[in-house]
Amino acid sequence: MQRPALFLIDTFGFIFRAYHARARTGAPPMRTKDGLATEAAYIFTNMLRKLLGTYSPDYIAAVFESAAPTFREQQFAAYKANRPEPPPDLAEQLPYVRKILEAMRIPILEFPGYEADDVIGSIARRAAEECVHVVIVSSDKDMLQLVGDKISMLNPAKDDAWYDAAKTVEFLGVEPARVPDLLALKGDAIDNIPGAPGIGEKGAVSLIAQFGSVEAALERASEVSRKTYRESLLAYRDQILMSKQLATIDTSVPVAVDLTALAAREPDRAALAELYRRLEFFSLLKELAPAEETPAARDYARLETPEAVEAYLDSIAGAGRLAVAVESHAGGELRQTVVGLAARPGVARGVPAAHLAHLRPLLEDASRPKAALDLKSVLVSLWRHGVQAAGFRDDPTLYAFLMDADPAAATPEALVERRLGRKPEAAVEAWADYALQLTELLAPEVERRGFRKIYEEIDLPLAPVLARMEQAGIRIEPEALGRLSVRLEADIDRLAAEIHRLAGKPFNINSPQQLAEVLFETLKLPAPSRHGKGKVYSTAADVLEALAAEHEIARLVLEYRQLVKLKGTYVDALPALINPETGRLHTTFNQTGATTGRLSSSNPNLQNIPIRTELGREIRAAFVPEPGWKLLVADYSQLELRLLAHMSRDPVLVEAFRRGEDIHARTAAEVFGVPLPFVTPEQRRAAKAVNFGIVYGQTPFGLAAQLGIPREEAARYIDSYFSRHPGVKRFVEESIEKVRREGITRTLFGRERPIPDINSRNPNARAFAERTAVNTPLQGTAADLIKLAMIRIDGEIRERRLAARMLLQVHDELVLEAPPEQVEAVAALVKNRMESVCALEVPLVVDIGIGDNWRDAK
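So for the sequence shown, my numbering puts the first residue at 61; every next one is plus one.
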């Protein structure tokens with residue numbers, strides 16, 4: 061390539077084609093958490109980055125279409141009439157494309173009354189006259205007419221295909237100067253250039269090869285041997301000449317070419333970083349860490365002596381917010397724990413646990429505002445070292461989760477990468493600094509978006525409650541699980557032997573590939589569609605469930621898998637996780653683990669132990685209270701259905717709950733048209749599936765699969781339900797429509813969840829979004845209600861100095877332990893606080909169970 065080089069970008073033409081190319085692939089749309097479409101902007105940004113990084117142009121400009129009518133539209137009113145208006149989700153991205161160009165300091169050019177093609181052609185011609193090599197960056201073949209000795213075309217949409225004169229002839233069959241003649245004959249559907257009816261691309265190329273130009277072909281039309289071509293040339297002479305005029309790029313646009321103004325420049329990194337944050341291009345944001353944020357430019361240090369600690373504490377005595385981080389190793393041994401502190405951005409100190417006594421007054425001072433990333437974990441770490449930390453008011457992970465409802469975006473690591481644009485460091489001093497900077501960045505945004513109330517009343521006070529639950533842990537009986545493990549081992553061996561007998565040979569049941577081979581090739585069972593890179597048959601649970609009704613081996617494999625999972629995940633794993641110091645099992649509760657706002661549990665996950673199977677109940681029987689104490693289980697009765705009644709104000713549903721009726725039997729009577737006393741257990745089961753199916757947006761297909769009935773019958777059940785509950789139907793429709801307008805859904809307490817796919821072009825993504833729009837307000841509100849109840853129960857237990865401890869939360873269920881003399885009082889306290897947590901249109905009902913283990917209490 062000659063130097064210097066000027067790159068001219070056909071901006072809108074490129075992003076329009078790129079947008080539609082992505083849509084044709086069926087890929088899900090790219091959206092920010094608040095629903096802003098970003099795919100075209102992202103594609104364009106990456107094209108720019110690749111262009112600049114690969115070719116390092118000396119000069120560059122991005123050319124836009126004129127908003128004013130062009131001379132072509134004045135000449136031919138139907139010009140580009142077939143080209144649709146930009147879709148709304150593309151149109152909303154165009155201002156961001158301009159902002160990206162501005163942040164990259166790439167000049168933007170446009171000229172009133174002329175298309176981008178004409179501006180590009182005029183600049184290219186004049187620059188070439190000044191011995192500058194011009195590269196036209198476009199995916200539009202019309203531009204190939206400009207190609208010459210000093211002008212090339214680059215198409216990033218085709219793996220950076222380069223076009224010179226020879227490549228143009230190879231691609232189109234005509235030399236660059238004859239591209240307008242080609243389009244004049246064959247037409248161009250995209251720009252609505254009519255061309256010559258009956259003459260396609262092959263015919264146009266042959267005519268140009270024979271006569272040299274459109275004008276010559278028209279003058280010598282009688283010599284054309286093919287009748288349809290000859291008649292078209294004779295009948296549509298004026299139209300063909302007009303088509304050539306429309307297709308010819310005007311290179312005489314009076315636009316000044318100032319190469320110095322088009323010189324390539326370094327981007328405005330700060331502006332680019334702000335845009336990347338707004339558009340959530342977090343992978344790009346990480347590449348923009350400015351020089352002043354390098355480790356060498358920050359003031360981090362470890363304080364190794366009591367004197368150094370005291371001097372530092374004196375220096376920050378008058379500072380406001382203090383950020384705290386804790387780094388622990390080797391099981392949290394005192395000598396290997398370091399506390400990080402930061403009172404000013406970019407300045408942080410680490411204090412080894414040996415000097416923790418010097419920090420205790422400050423950390424326990426409730427009047428000194430503090431911040432921490434993952435506050436709950438910091439509290440647990442400090443409590444283990446005897447520090448009753450207080451005064452924590454800010455947790456950026458909770459802030460981020462409130463704003464985004466995205467577990468992946470609310471982790472400390474993701475916040476540092478995405479919000480600060482840094483690669484996280486391991487040092488505890490860095491994490492204290494991150495906590496401070498993220499708090500200063502996110503706290504005002506939380507205030508602006510109206511989340512302060514839910515943060516102050518639910519999320520922040522819940523953190524110490526969960527910390528106390530994690531610290532308390534729960535007892536399990538390893539001996540009981542050991543006996544169950546032996547039994548399961550025998551059952552697994554028995555099932556394996558039977559599966560091998562049915563297969564006619566031994567094989568690895570845990571290998572999906574070997575299992576697929578046995579089921580679909582050896583035994584010739586009805587095979588699902590192949591998928592994945594190697595086109596392997598799926599042996600997923602839904603595939604086996606579809607086969608299980610008629611094929612015994614599929615049913616046995618499902619049973620085998622369930623036993624293996626229960627044995628490996630719980631029966632064998634739980635005893636190994638008992639803390640040797642406490643003799644108890646300590647799960648970790650995550651406040652930011654589920655998009656609905658529900659708590660999640662990990663290491664181990666105690667929320668997924670099956671409750672409806674005998675084996676699941678036996679595992680729960682191994683969970684026991686403190687010796688001599690009792691376990692207490694408090695469970696909301698049909699919480700989400702009650703919330704459905706409250707939010708829909710459906711009179712039939714509200715009345716049923718107010719009268720304390722069996723809601724599933726009531727629904728069965730309505731759906732099946734039988735008196736309530738004559739509802740059968742099977743009808744009640746079907747009605748229960750309908751009730752919960754409404755909450756979870758179940759389709760007739762899903763309900764049919766669950767109940768084992770024809771889809772038409774399932775559809776009748778749902779239609780009958782909605783006809784009896786018009787308030788529920790209205791709630792479903794209005795919930796979807798509101799989210800379609802606003803892009804977000806909210807709980808009763810104001811927690812938000814963006815649902816950008818509600819207007820997706822992908823029907824599966826859109827259908828899932830519609831179900832989410834209905835379910836999230838119910839499930840999210842249920843999660844908020846039990847969180848509020850936990851805060852109040854914990855507060856009263858501590859205020860009354862009861863020995864009872866809250867141990868677990870499993871969605872709508874709380875597990876506590878209490879000494880026998882306090883059990884009745886604690887049961888009354890818990891039931892009262894849970895049922896009175898919020899005034900609804902229908903009563904909240906809590907079932908209380910007391911027993912010597914989790915199973916019996918449940």
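Note that beta-carbon positions come from the ideal geometry of N, C-alpha and C, so glycine has one too.
Check	Outcome
Residue from 66, 536, 101, 310 with nearest C-alpha to residue 15	Nothing can be reported for residue 15, as the shown portion of the chain is limited to 61 through 918.
Per-residue DSSP class, three states only, for residue 923	Lying outside 61 to 918, the shown extent of the chain, residue 923 is not represented and no answer is given.
Residue 377 versus 347, 423, 398, 365, residue with shortest Cα-Cα distance	423
Range of the contiguous alpha helix (DSSP H) that encloses residue 850	823 to 859
Own chain, CB closer than 6 Å to residue 64, minus 5 neighbours either side, in chain order	118, 192
8 Å contact criterion, which residue 739 and residue 679 should meet: CB distance rounded	Not quite, the Cβ-Cβ distance comes to about 33 Å (not below 8 Å), so this is no contact.
Same chain, Cβ closer than 6 Å to residue 390, five either side skipped, listed in chain order	Residue placement at residue 390 is flagged as unreliable, the pLDDT there being 40, under the threshold of 50; the coordinate-derived value follows with that caveat. Answer for residue 390: 396, listed in chain order.
Minimum C-alpha distance to residue 387 - residue among 413, 365, 364, 327	413
Cβ-based burial, residue 183 [other Cβ within 10 Å; buried from 16]	buried
Spatial distance of residue 138 from residue 341 (CA atoms)	With a pLDDT of only 49 at residue 138, under 50, the local geometry of the prediction cannot be trusted, and the value read off the model is given with reservation. If I take the Cα positions, the gap works out to 39 Å.
As assigned by DSSP and simplified to three states, the class of residue 689	coil
Test item: CB-CB of residue 219 and residue 307 under 8 Å	no
Reduced DSSP category for residue 498 - H, G, I as helix; E, B as strand; rest coil	helix
Segment contact, 8 Å Cβ cut-off, at least three pairs: the segment 480 to 500 with the segment 534 to 546	no
Straight-line gap, residue 518 to residue 811 (C-alpha atoms, nearest Å)	10 Å
Residue 74 vs residue 266 beta-carbon contact at 8 Å	no
Bridge partner(s) assigned by DSSP for residue 24	Absent from the structure is residue 24, since the part of the chain shown begins at 61 and ends at 918.
Status (buried if at least 16 other CB within 10 Å, exposed otherwise) for residue 380	exposed
Three-pair Cβ contact test at 8 Å for the segment 427 to 436 versus the segment 445 to 456	yes
Neighbourhood of residue 473 by C-beta, 8 Å cutoff - its chain only, sequence neighbours within 5 removed	484
Host alpha helix (DSSP H) of residue 343 (start-end)	342 to 345
Which of helix, strand or coil DSSP assigns to residue 396	helix
Secondary structure of residue 641, DSSP reduced to three states	coil
When 152, 197, 151 are compared against residue 115, the one with the closest alpha-carbon	197
Opening and closing residue of the alpha helix (DSSP H) in which residue 553 lies	538 to 563
Strand pairing of residue 894, partner residues [DSSP]	According to DSSP, which records beta bridges pairwise, residue 894 is partnered with nothing at all.
6 Å CB neighbourhood of residue 161 in its chain, flanking five on each side removed	122, 168
CB of residue 622 within 8 Å of CB of residue 522, strictly	no
Contacts around residue 254, its chain only, beta-carbon distance under 7 Å, and the 5 residues preceding and following it disregarded	247, 299, 303
N- and C-terminal bounds of the alpha helix (DSSP H) containing residue 181	176 to 189
Whole-angstrom C-beta distance between residue 703 and residue 723, which should lie under 8 Å	Not quite, the Cβ-Cβ distance comes to about 13 Å (not below 8 Å), so this is no contact.
Beta-carbon proximity check, residue 584 vs residue 878, cutoff 8 Å	no
Between the CA atoms of residue 500 and residue 654 - distance to the nearest angstrom	25 Å
Beta-bridge partners of residue 66, as assigned by DSSP	119, 194
Closer than 7 Å: residue 378 CB and nearest the ligand GDP heavy atom	Summarising the ligand content, the structure contains no ligands, and the ligand GDP is consequently not present.
Segment contact flag, the segment 364 to 371 with the segment 330 to 349, C-beta cutoff 8 Å, min 3 pairs	no
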